[in-house]
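Colleague:
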Amino acid sequence: MNQEFASSLLEGAVTELSRLPGIGRKTALRLALHILRSDESAGVALGEAIIKMRRGVRYCRKCHNISETDLCPLCADPRRDSRTVCVVESVKDVMSFENTGQFNGVYHVLGGVIAPMEGIGPEMLEIESLVARVAAGDIDEVILALSATLEGETTNFYIFRRLAPYADVRITQLARGVSVGNEIEYTDEVTLGRSLLNRTLFSDSIKR
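Quick note: the sequence shown, position 134, residue 316 per this note's numbering, numbers continuous.
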């Protein structure tokens, strides 16, 4: 047992908490001590909620958003425009767009972007499943809504090329209200909503 801990159980909890992104050991220790100071029922409720989430949450078979059923609530909602698909990097981006209240279509979550320096290639993302959705003939427009970073733009272009054979499908991108270098999850809702409403054809961006 590490000398700084008086309990191996506390040390184990700190070690596991520190595995979370953005949580160092000092923060993990502070969280663990807070849980210890709280009522036992609060700690048990937290643990049970995490276990239930881990066992009960899955990924939608169509769009790869998180869901508790085979189809997520957005894909299963008949009021959504299923012929307009917004392509995003992560589940957090789905939440960001939904918060704008400006989009009534459905989504496709890639699970990341192409990043060769990090060893992430297109085969590691949900790009082929997107191509399959388009090939099925049920989609009129694909909105490329990835972050305006080098990796995001690379992924946009790769998807554009993969979807090129489907000439009857409009491929658009967010208007440049989202500054170059900005990530979707850190963009304010008003800017994000306007960028979505004022989207442009992706092909226009590669002609310049």
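Here a beta-carbon is modelled for each residue, glycine too, at the ideal position from N, C-alpha and C.
Just so it is clear, the structure is predicted and the values come from calculations on it, not from any experiment.
1. What separation, rounded to the nearest whole angstrom, lies between the Cα atoms of residue 201 and residue 236?
2. Return the residue from the list 195, 241, 261, 253 that minimises the CA-CA distance to residue 229.
3. Measuring CA to CA, which of 210, 292, 213, 205 is closest to residue 246?
4. In chain order, what are the residue ranges of uninterrupted alpha helix (DSSP H) at least 4 long that sit wholly in the segment 301-338?
5. Which whole-angstrom value is the C-beta distance of residue 345 and residue 316, which I expect to be below 8 Å?
6. Note down the Cα distance separating residue 207 from residue 238, rounded to an integer number of angstroms.
7. What does a CB cutoff of less than 8 Å around residue 214 pick up in its chain, not counting 5 residues either side in sequence?
8. Using DSSP with H/G/I as helix, E/B as strand and the rest coil, what is residue 353?
9. With a threshold of 6 Å on Cβ separation, who are the neighbours of residue 352 within its own chain once the five nearest residues in sequence on each side are excluded?
Modeller: For this structure:
1. 16 Å
2. 195
3. 292
4. Correct list: 309-317.
5. Rounded, the Cβ-Cβ distance is 6 Å, consistent with contact.
6. 29 Å
7. 192, 195, 196, 199
8. strand
9. 323
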